[in-house]
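As they're listed, the protein sequences go chains A and B. Quick note on numbering: the first sequence equals residues 124 to 331 in this note's numbering. Quick note on numbering: the second sequence equals residues 124 to 331 in this note's numbering. Virtual Cβ for every residue (Gly too), placed ideally from N, Cα, C.
There are 2 protein chains.
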Amino acid sequence: MRVLLADDHQIVREGLRGLLEKAGHTVVGEAANGHEALKMARTLAPDIAVLDLSMPLLNGLDAAREIRRLSPEIKIILLTMYTDRGYVLQALKAGAKGYVLKTQAAEDLIRAIREICRGEVYLSPGVAASVVDAYLDKTDEAADPLTPRERQILQLIAEGKPTKEVAALLNISFKTAESHRSHIMKKLGIHEVTALVRYAIQQGLLRP
Amino acid sequence: MRVLLADDHQIVREGLRGLLEKAGHTVVGEAANGHEALKMARTLAPDIAVLDLSMPLLNGLDAAREIRRLSPEIKIILLTMYTDRGYVLQALKAGAKGYVLKTQAAEDLIRAIREICRGEVYLSPGVAASVVDAYLDKTDEAADPLTPRERQILQLIAEGKPTKEVAALLNISFKTAESHRSHIMKKLGIHEVTALVRYAIQQGLLRP
DNA sequence: CGCAAAATCAGGGATTCAACTGATTACTGC
DNA sequence: GCAGTAATCAGTTGAATCCCTGATTTTGCG
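Now the structure itself:
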């Protein structure tokens with residue numbers, strides 16, 4: 124398979140190249156950010172693009188959307204460290220055929236490539252559950268899962284305000300604030316305040 | 124050289140292993156977090172430990188400090204994506220002999236190992252400037268009010284572990300963990316977990 | 001050796017949170 | 001108009017947190 128590799132860490136790219144070539148694939152190009160990946164996807168016409176999720180200039184998700192728009196025949200695998208449900212669902216919506224965790228063995232990536240070439244979809248163990256949950260919940264939360272009100276409350280929570288203060292600030296009852304909080308956590312599949320803070324930071328609701 | 128590899132992404136470890144072995148080194152062990160790295164450093168007696176900076180349970184910096192304390196003969200290289208001056212200085216203070224950026228070529232890591240075995244210190248291009256600046260400024264900003272133990276506990280808390288789990292992971296009593304937590308909050312003048320998370324992220328103990 | 005800081009452990013009380021179930025009102029889209 | 005979603009409010013239970021007070025042991029350093 125002709126593979127395009129995109130990751131902002133050159134040392135990681137080189138390592139991945141070694142792993143892929145050992146498995147019999149050809150790495151036709153290496154990109155250090157989403158823009159490069161986009162350009163290379165057009166010019167090199169790879170069979171598969173393996174994209175890191177967090178890259179400078181253009182992240183893996185948006186790069187995937189663009190590649191899919193311009194060259195729908197290129198299969199896309201997101202390779203990342205994030206297990207968050209939101210990312211997984213967004214990736215699938217963006218048309219990615221695979222979502223592989225960096226914490227998995229290289230074997231997992233190889234298998235993903237094999238399955239995807241057969242027309243299958245591949246998800247690393249550990250994220251498949253997210254998709255099942257989302258299906259069962261039926262709450263389509265891939266694109267901007269939270270309502271404006273919920274985002275507002277999330278931000279206050281992440282800023283460290285206790286629930287009763289959130290309620291006071293928004294002129295709503297304590298119970299309502301608590302209810303929103305529950306919904307947010309349920310939607311995001313998050314069970315700790317700490318993960319909430321990281322999510323808020325990632326969403327740009329908050330500065331570290 | 125007998126090398127110990129520590130990075131929380133298995134797929135990255137496997138890639139690095141390939142690169143190092145191609146360069147004639149032997150990877151005697153792979154660790155997925157700071158704790159494992161510590162254990163392996165003791166049992167496997169590697170010549171060099173290559174540590175990722177941000178790892179769960181115990182980060183690369185604190186792992187480096189511990190390894191240095193227990194086995195000063197093991198040379199340590201921090202391998203990371205962060206160019207921030209603070210990290211570089213802390214790494215050097217922790218006794219690391221090398222600071223290599225993941226954005227560099229694999230060649231850079233190989234060269235670092237070679238230089239360090241000769242007794243030299245190696246810094247990736249791009250971070251050397253930080254050290255010079257720090258020397259010129261003379262403002263010692265590697266300072267961190269927290270003790271190593273406290274940082275370790277802060278990291279676990281920020282990762283979302285409840286106190287009793289922190290205690291279990293460190294083999295200390297629930298009350299001790301709680302006590303550390305209090306001290307941390309008191310020292311930092313912080314009263315919410317959320318601010319703790321942001322502090323941990325700023326300190327690089329944790330990824331957003 | 002002796003001081004100071006760090007790390008360990010313990011109890012108790014007030015507050016807060018998580019997770020559920022269940023309900024009413026209002027706006028929006030088809 | 002009617003369904004769906006958002007936003008609002010309420011109660012309960014068990015768990016976890018924050019903050020205080022105290023104590024012992026280990027460790028590092030002069």
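Item, Value
"Rounded to the nearest angstrom, how far is the Cβ of Q278 of chain B from that of A323 of chain B, given a contact under 8 Å?", "6 Å"
"Using the C-alpha atoms, what's the distance from K287 of chain A back to L184 of chain B?", "38 Å"
"Keeping to the same chain, check which residues put their C-beta closer than 7 Å to that of V150 of chain B; ignore five residues upstream and five downstream.", "V126, L128, R140, L143, E144"
"Can you give me the Cβ contacts of F297 of chain A inside the same chain, cut-off strictly under 8 Å, excluding the 5 residues immediately before and after it?", "T286, K287, A290"
"For I233 of chain A, which residues in the same chain have their Cβ closer than 6 Å to its Cβ, ignoring the five residues on either side in sequence?", "A146"
"Is it the case that the Cβ atoms of A160 of chain B and A168 of chain B are separated by a distance below 8 Å?", "no"
"How many Å lie between K310 of chain B and P268 of chain B at the Cα?", "7 Å"
"Just the C-alpha distance for L176 of chain A and R272 of chain B, rounded to the nearest angstrom, thanks.", "33 Å"
"Run through DSSP, which three-state label would E273 of chain A get?", "helix"
"In terms of DSSP beta bridges, what is G221 of chain A paired with?", "A:I200, A:Y245"
"Is it right to say G152 of chain A is buried, meaning 16 or more other beta carbons lie within 10 angstroms of its own, or is it exposed?", "buried"
"Determine, for M204 of chain A, whether the minimum Cβ-Cβ distance to residues of chain B falls below 8 Å.", "yes"
"What residues from chain B crowd round D131 of chain A, counting only those whose CB sits closer than 7 Å?", "T226"
"Under 8 Å between C-beta atoms, does L180 of chain A make it to chain B?", "no"
"Whose CA, out of B:R188, B:H303, B:I239, lies closest to the CA of K216 of chain B?", "B:R188"
"Per DSSP, what kind of secondary structure is L328 of chain A in: helix, strand or coil?", "coil"
"Select from the segment 269-286 of chain A all residues with a C-beta closer than 9 Å to any C-beta belonging to chain B, and list them in chain order.", "I280, A281, E282, G283, K284, P285"
"Taking only beta-carbon positions, decide if G183 of chain A is within less than 8 Å of chain B.", "no"
"Whose Cβ in chain A lies nearer than 7 Å to the Cβ of P331 of chain B?", "R321, I324, Q325, P331"
"Considering only C-alpha positions, which residue in the set A:L224, A:A186, A:D130, A:I190 is nearest to T206 of chain A?", "A:L224"
"Distance check for T317 of chain A and G249 of chain A, CA to CA, integer angstroms please.", "20 Å"
"Rounded to whole angstroms, what's the CA-CA distance from L201 of chain A to A235 of chain A? Just pull it up for me.", "10 Å"
"Start and end of the alpha helix (DSSP H) containing L212 of chain B?", "208-216"
"Excluding the 5 residues flanking I199 of chain A on each side, which residues of the same chain have their C-beta closer than 7 Å to its C-beta?", "A172, L174, A187, I190, R191, G218, A219, K220"
"Apply the 10 Å Cβ neighbour rule to R241 of chain A and answer buried if 16 or more other Cβ atoms are within range, or exposed otherwise.", "exposed"
"Nearest chain B C-beta to A318 of chain A closer than 8 Å, yes or no?", "yes"
"Using a C-beta cutoff of 8 Å, does A229 of chain B count as contacting chain A?", "yes"
"Could you list the residues in the segment 135-164 of chain B with a C-beta less than 9 Å from some C-beta on chain A, going in chain order?", "V135, R136, E137, G138, L139, R140, G141, L142, K145, A155"
"Per DSSP, which residues does L128 of chain A bridge with? Please list them.", "A:E153, A:V173"
"Does E196 of chain B get closer than 8 Å to chain A when you measure Cβ to Cβ?", "no"
"Cα-Cα, which of B:L319, B:A251, B:H314, B:A252 is closest to K284 of chain B?", "B:L319"
"Using C-beta distances below 7 Å, list every residue in its chain close to A229 of chain A, excluding the 5 sequence neighbours before and after it, in chain order.", "L142"
"Go ahead and pull the three-state DSSP assignment for Q227 of chain A.", "coil"
"Could you give the distance in angstroms between the alpha-carbon of R321 of chain B and the alpha-carbon of N294 of chain A?", "27 Å"
"Could you check what DSSP says for S302 of chain A in three-state terms: helix, strand or coil?", "helix"
"Look at the Cβ atom of T203 of chain A, then the Cβ atom of Q133 of chain B, and state whether they are nearer than 8 Å.", "no"
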